[in-house]
Each structure stands twice: as structure tokens, then as C-alpha cells.
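For the sequence shown, my numbering gives the first residue as 151, with consecutive numbering after it.
Have a look at the structure below, then the notes.
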Amino acid sequence: MDASKSNRYLEAIGIDVWVRRAGGPLGALEVPDRAQVGLATAEPAPALAPVSADVADGWQALRTEILGCTKCSLHKTRTQGVVGVGPQRTDWLVIGEAPGAEEDRRGEPFVGRAGHLLDAMLRAIGLDRGTSVYIANVLKSRPPNNRDPKPEEVAACLPYLMRQIALLQPRLMLAVGRIAAQNLLSTDLSLSRLRGKVHYFGELNTPLIVTYHPAYLLRTPADKRKAWEDLKFARGVFRQLTDRVGIDGNLS
Ligand code: URA
151 MDASKSNRYL
161 EAIGIDVWVR
171 RAGGPLGALE
181 VPDRAQVGLA
191 TAEPAPALAP
201 VSADVADGWQ
211 ALRTEILGCT
221 KCSLHKTRTQ
231 GVVGVGPQRT
241 DWLVIGEAPG
251 AEEDRRGEPF
261 VGRAGHLLDA
271 MLRAIGLDRG
281 TSVYIANVLK
291 SRPPNNRDPK
301 PEEVAACLPY
311 LMRQIALLQP
321 RLMLAVGRIA
331 AQNLLSTDLS
341 LSRLRGKVHY
351 FGELNTPLIV
361 TYHPAYLLRT
371 PADKRKAWED
381 LKFARGVFRQ
391 LTDRVGIDGN
401 LS
């Protein structure tokens, strides 16, 4: 990728673009611009591929079940179930933790400030909400006061995610945030230990990569650079997968 394109992506995520000061001491850096969370110019999104009637019916049935689900107590406090957003079959699946207040109100994942940052992060690697990536959460119902999901809630909800994966058949999953990653991988390892590797999820052994939650990045912008490394890693792994080249599982 050329430097100006790369810089546009970094600016879109809100990473300051640093350049070497001409003639200055080696390593001296200056900031030419304040970076903003804004729109990146990515490759145009591909047209949506038609899905079979079976897949469309599968989604319809799943949606009906999620919206009517009473398997855990969260149904008593939610406004509505939040199924996910995106094409009915797609190569990329992004998984967050659970709907927040805005998502609960609007019925779509990642629609608040964190969602805008997530969209910019995805656009930086050429992905577009609604057309080339499916976005969902581990939990389909909002936990009151945005508390962490309880194990029994995750256990009740995971079968829905499994069905989403069976319908989508993604080539790569991106887990955003510690809670999503730990629940998907059944581990209590820290996020920093989970980053930079290819994990495998579920019966289909779907490759899964872990990065920071956009809400965390809004609070801790210094870690956006590490998130950008994760995104480039994910994009590289995806290219290897689609080129059928082996994956070494390490961050280059
Ligand atoms: N955080 C999440 O993990 N998911 C959402 O949908 C919104 C915020």
C-alpha cells in the first residue's frame, strides 16, 4: 500500500500521522495533522451475492427465534434482541460483546460512538458495514447497565452465534475486545496474550483474530496503533487464506 493511502487509513481510525523531520536527529518525529475519526476512502464494496432459499430461510427462522428468545433473564430488561447486520453470507465476521443502550434501542450492533470507530477501522482494511462484513455480538440482548455477560447468558446465546456462523460461512472472524475474545475462546488469557495469533473457533475451525474493542480505543487512543497492526495482520491472514497459502500464526 502506498504511504498516502496508508496515512488516510490511519487518520480515519484517529491515529496521528507522524513523519520524520527533514534534517533532524534520527528518530525525531513531528505531527503534521491532528488525525480525526472520519471517513476513509476504501475500495468500493462488492455487490451482494445472492444466497440460496435455504440460507435465506435459515436467517429468517434464526431472526424470529432471537427476537422472541427467553432463554435467559436478559429478555426481561432488553428492548429487543439484536441479531446482527450484514450480508447473509460473507467472508468476514466481526464479533463484539453485547448490545449497549443505543444498540438495544435501534436493534443494530455497534451503532454508537464505538460503532463509528469500528466502521472506520473496517473501512481501513476495505470492509464495509452492510455489504462485506457481518457484525454481531456474543450476546444478542443488552445486559443491564452494560455489565459483563454472565457465563449462563453466554451459554444460552452461543448457539445463535453458531447458527450465524453456519449460515455465513465466514473465512475469518475478528473478535473485538477482551470479553468477546475470552468467551469465544473459552480462556481467561489477557487480550495482549490473545492478539497477534490465529485462533480457531467452533466445529468449523473458523480462523479467529483478536483485537481491541473500539470503546476501549476511544478511551485509550494510544493503543490505536496496536489495533492497526491487528487489522493489517487480519487482512494479511485473510489474503493468505484466500490464496491458499499456509499461515504461520505469528504477527510479522
Ligand atoms: N459494544 C459491543 O461489544 N457491541 C455492540 O453492539 C455495541 C457496543
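Glycine included, C-beta positions come from ideal geometry on N, C-alpha and C.
Since the model is a prediction, treat every value here as computed from it, not as a measurement.
Task: Selected residue, minimal CA-CA separation from methionine 323, among Thr361, Ala264, Val201 and Ser342 - done: Looking at the Cα atoms, Thr361 is the closest of the given residues.
Task: Beta-carbon spacing of valine 235, glutamate 253 below 8 Å - done: In this structure, glutamate 253 does not lie closer than 8 Å to valine 235 by Cβ.
Task: Backbone CA spacing between glycine 174 and aspartate 373 [nearest angstrom] - done: With a pLDDT of 31 at glycine 174, under the threshold of 50, the predicted position of this residue should be treated as unreliable, though the coordinate-derived value follows. Here the C-alpha atom of glycine 174 lies approximately 26 Å from the C-alpha atom of aspartate 373.
TODO: Would you check if the distance between the CB atom of valine 288 and the CB atom of leucine 344 is smaller than 8 Å?
DONE: The answer is no: Cβ separation not under 8 Å.
Task: For glutamate 161 and glutamate 180, the rounded distance between their alpha carbons - done: Confidence at glutamate 180 is low in this model, with a pLDDT of 26, below 50, so its placement is unreliable and the value that follows should be read with caution. Per the coordinates, the alpha-carbon of glutamate 180 lies some 15 Å from the alpha-carbon of glutamate 161.
Task: Cβ-Cβ distance between threonine 214 and tyrosine 284 below 8 Å - done: It is not a contact, given that the beta carbons lie outside the stated cut-off.
- [ ] List the whole-angstrom C-beta distance separating leucine 358 from glutamine 238, where the pair is believed to meet the contact cut-off of C-beta under 8 Å.
- [x] Wrong, their Cβ atoms sit about 21 Å apart, outside the cutoff.
Task: In DSSP terms, what histidine 478 is bridged to - done: Only positions 151 to 402 of the chain appear in the structure, and residue 478 is not among them; the question remains open.
Open item on the list: Less than 8 Å between the beta carbons of alanine 248 and arginine 292, yes or no?
Closed with: Result yes, Cβ atoms of alanine 248 and arginine 292 sit closer than 8 Å.
Open item on the list: Here's the rule: buried if 16 or more other CB atoms are within 10 angstroms of the residue's CB, otherwise exposed. What is serine 282?
Closed with: By the neighbour-count rule (16 or more Cβ atoms within 10 Å), serine 282 is buried.
Task: CB contact flag (leucine 212, arginine 313, <8 Å) - done: Contact check for leucine 212 against arginine 313 passes: the beta carbons are separated by less than 8 Å.
- [ ] Reducing DSSP to helix, strand and coil, say where leucine 391 ends up.
- [x] Leucine 391 falls in the helix class under three-state DSSP.
Task: Beta carbon of isoleucine 163 nearer than 8 Å to that of alanine 270 - done: Going by C-beta atoms, isoleucine 163 is nearer than 8 Å to alanine 270.
Task: Pair within 8 Å by beta-carbon distance, phenylalanine 388 and arginine 321 - done: Yes. Within cutoff.
Open item on the list: Does lysine 226 pass the burial test, meaning 16 or more other C-beta atoms within 10 Å, or should it be called exposed?
Closed with: That one is exposed.
Task: Proximity test, glycine 257 beta-carbon vs ligand 1 heavy atom, cut-off 7 Å - done: Outside the cutoff, so no.
Open item on the list: Tell me which residues pass a beta-carbon proximity test against ligand 1: closer than 7 Å to any heavy atom, given in chain order.
Closed with: Taking each Cβ in turn, the ones that pass are Val232, Gly246, Glu247, Ala248, Pro249, Gly250, Glu253, Pro259, Phe260, Gly262, Ala264, Gly265, Asn287, Val326, Gly327, Ala330, His363 and Ala365.
TODO: Determine, using beta carbons only, whether isoleucine 329 and leucine 354 come nearer to each other than 8 Å.
DONE: For isoleucine 329 and leucine 354, no; Cβs fall outside 8 Å.
Task: Limits of the alpha helix (DSSP H) - the one that isoleucine 275 falls within - done: Run containing isoleucine 275: none; DSSP gives neither H nor E here.
Open item on the list: Here's a check: name, in chain order, each residue in its chain whose Cβ is nearer than 8 Å to the Cβ of valine 261, leaving out the five neighbours to either side.
Closed with: So the list reads Glu252 and Glu253, once near-sequence residues are dropped.
Open item on the list: In chain order, what are the residue ranges of uninterrupted beta strand (DSSP E) at least 3 long that sit wholly in the segment 229–282?
Closed with: Scanning the segment 229–282 from its first residue to its last, the whole beta strand (DSSP E) runs of 3-plus residues come out as 242–246.
Task: Three-way DSSP call (helix, strand, coil) for valine 288 in this model - done: Three-state DSSP puts valine 288 in coil, outside helix and strand.
Task: Residue of Lys290, Leu217, Tyr366 and His363 minimising C-alpha distance to leucine 311 - done: Among Lys290, Leu217, Tyr366 and His363, the Cα nearest to that of leucine 311 belongs to Lys290.
Open item on the list: Quick test of your reading: arginine 375 and isoleucine 245, contact by CB under 8 Å. State the CB separation rounded to the nearest angstrom.
Closed with: Rounded, the Cβ-Cβ distance is 23 Å, inconsistent with contact.
TODO: Indicate the three-state DSSP secondary structure (helix, strand or coil) for valine 205 in the structure shown.
DONE: DSSP places valine 205 in helix when its eight states are reduced to three.
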